[in-house]
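A quick write-up on the structure given underneath.
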Amino acid sequence: MIEESKALRQKEVGEASILDKLKPHIELIAALFSGVLIVIGLILAKADMETSSIIIYLLAFVIGGYAKAKEGIEDTIADKQLNVEMLMILAAVGSAIIGYWTEGAILIFIFALSGALETYTMNKSHKEISALMDLQPEEALRINNGFEEKVAVSALAIGDLILVKPGERVPSDGVITEGKTNLDEAAITGESFPVSKSLKDEVFAGTVNLRGTITVEITKPSSETLFQKIILLVQSAQSEKSPSQLFIERFEGTYVKVVLAVVALMMFLPHFVLGWSWTETFYRAMILLVVASPCALVASIMPATLSAISNGARHGILVKGGVHLENLGSMQAIALDKTGTLTKGKPEVTDVVVREDLLEADFLFTVASVENYSNHPLAASIVRYAKSKIDKQLIKPENMEDISGYGVQGMINGDLWQAGRAEFVGSLESEQFQNGIGPKLAEQGKTVVYVKDEQGIAGIMTLKDVVRDTTIAAIDALRKEGIRTVMLTGDGEKTAKAIAAESHIDMYISGCLPETKVDEIKKLMEQFGTVAMVGDGINDAPALATASIGIAMGEGTDVALETADVVLMKNDLPRIAEAVKLSKKMNRIIKQNVVFSILVIMVLISSNFLQFLDLPYGVIGHEGSTILVILNSLRLLKN
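Shown next as structure tokens:
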């Protein structure tokens, strides 16, 4: 009995699984089945079994046309106006009334097939969301009073402690409070190399714990995680319609009314004016109803837009709507923030010059020991660099003193060591050291840290916010697209000039405050028209909002992500040029679709009035053009 029950359950699960797999394809299956019924109906008609063939055709009408008829009736009731679907239903019914059962059934079949193709496009564009959803765990292991309990991710609150074991995905954003590990963050940043994480490091939902068990303190509710925001960005992009699509939808309602009015006149006027028979008059009116329907025109834009958004999302370019994707193609100039966008945002040591009587390893050891107890942002970079070059354990200086705005000093082995600005260690000595090498390096946009001991200037270290490896390729790619590049930075003239030259930027504006960036964006928009802004920080948000298109780096602040129209999830600047190419290709395909569909409608209407066109060819020409338009749009799904 138990075995029979198990077998029954397995059978039910198997059946449910098959139904789930078939569900997304049900519209296509119905369309193809109606096609099979049409073939059977044709065979029966040739065998002089008229009644049987009509019954088969009726089945083809119902099975093939159910989805589109339901959609058309529901939309007509909701919008209180007729639409393309209703035109097709009327045309098919009209064809049947005048005895053209085969043509009416073929019309339903091809219309259902084009509808299934459009649904396929929609499903394909939603696939990225499904893939993202699958990456987010539904349950988490929460630590409560020393005990572990499984809870839904949605039940986690800020401050909760969760346990993430090797091989598991992090369920929500948080900070590591215990343990260390390597995390695969490819789902968030696109970076293929695992990232080492230890105490107080931030972790993101959807990333994979590769090595050690870690305890994480939740810092954001599941609804506000970076991962969830990515999903919402894609969802909002697919629901927001482009200006072209909105125009077509407004045009559709008026156009359908005009077509119906002309068809109504066509049912009577040709009989009295041109002397056509009543049968010919009604027949031509039904053909007009079929060929004048703007199916191809309506399908010209949405499938193309969804395919392009889907393609972008698959490659880490999240566009928040069709309007922004359209605008990218007409972009004339792009402004880029320097820190964290063109550069890595973390200063790195680029040069070390020491006095002749000192060894570089000893110099680095001493400087790093002093800087290790400084709070200055550059100090961390110096210590990190020194540790990568020497193996000795750093020591704690005596009489340690951090002088804000100038530098740091401390006693090492009884000697006073100072590190900081030229004014702190002696301006004249600094300028004369090694034939004035310090000022020369400063002209290259580098920050110079002077180091002094009891005998004078012991050496210098220069630091620079290093340009990203991909920056030059990105700027060159934008230039090939005919787009002017502008760098906006708060840095001084020398640093800005050096970074701009290194990055191949066309022009730069230095000394920018957040409000200055907004003013500069407005000036650029007056000069160039459509202007994009790329940034990653809170201070970039006003400029992102002001620009025609705001583009945020994926590792940027929440404010920047929410303000921007486009998000580069992989912090990959060359993707901007790819997005521009995708936009231009989308706009080109939309124009092709619109021109082609209008030409087909004009040719078919003209042929009908001249009595050249029969209903079967009208059906094939009209619905065939719709299918071709959708297939043309599907090209945007390719890489």
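Counting in my numbering, the sequence shown runs from 4 upward without gaps.
All residues carry an ideal CB built from backbone N, CA and C; glycine is no exception.
Only residues of its own chain outside the window of five on either side were considered, and among them Val167, Val206, Ala208 and Thr210 have a CB closer than 6 Å to the CB of valine 173, listed in chain order.
The beta carbon of valine 411 lies closer than 8 Å to those of Val373, Glu374, Tyr376, Ser377, His379, Ala382, Met403, Glu404, Asp405, Gln421, Ala422 and Gly423 in the same chain, with the five residues before and after it left out.
The beta carbon of glutamate 363 sits closer than 7 Å to the beta carbons of Val355 and Val357 from its chain, once the five residues preceding and following it are set aside; these are given in chain order. The C-alpha of proline 297 lies about 27 Å from the C-alpha of valine 42. Here the alpha carbons of arginine 317 and alanine 307 stand approximately 15 Å from one another.
Per the C-alpha coordinates, the member of Ala72, Lys49 and Gly44 positioned closest to alanine 63 is Gly44. Exposure of methionine 605 is indicated by the presence of fewer than 16 other C-beta atoms within 10 angstroms of its C-beta. In this model, glutamate 457 and threonine 473 are separated by some 44 Å (Cα to Cα). Counting C-beta pairs with one atom in each stretch, the region 614 to 626 and the region 518 to 536 have fewer than three that are closer than 8 Å, which means they do not touch. Burial state of asparagine 148 is exposed, judged by a 10 Å Cβ sphere holding fewer than 16 other Cβ atoms.
In this structure, alanine 582 places its C-beta atom within 8 Å of the C-beta atom of leucine 331. Inter-residue distance for alanine 70 and valine 326 is about 29 Å (C-alpha atoms, whole angstroms). Within the model, the alpha-carbon separation for lysine 347 versus glutamate 30 is close to 49 Å. For leucine 93, the closest alpha carbon among the candidates Ser225, Ser636, Ser628 and Ala72 is that of Ala72. CA-to-CA, the gap between methionine 334 and glutamine 614 works out to about 48 Å. In the structure shown, proline 619 adopts helical secondary structure according to DSSP, grouped into three states.
Residue environment for methionine 510: exposed (fewer than 16 other C-beta atoms within 10 angstroms of its C-beta). The region 460 to 530 is shown to contain whole beta strand (DSSP E) runs of 3 or more residues at 487 to 491 and 510 to 512, in chain order. The beta-carbon separation of serine 310 and serine 636, rounded to 6 Å, stays under the 8 Å limit for a contact. Valine 489 and alanine 119 have their C-alpha atoms some 46 Å from each other. For glycine 209, there is no enclosing alpha helix (DSSP H), as DSSP gives it neither H nor E. CA-to-CA, the gap between glutamine 530 and glutamate 484 works out to about 18 Å. Excluding its 5 nearest sequence neighbours in each direction, leucine 361 has C-beta neighbours in its own chain below 7 Å: Ala461 and Gly462, listed in chain order. The C-alpha of serine 609 lies about 29 Å from the C-alpha of asparagine 590. Under a 10 Å Cβ-count criterion, tryptophan 104 is classified as buried, with 16 or more other Cβ atoms of the shown protein chains found around its own Cβ. At the C-beta level, threonine 184 and glutamate 220 stay beyond 8 Å of one another.
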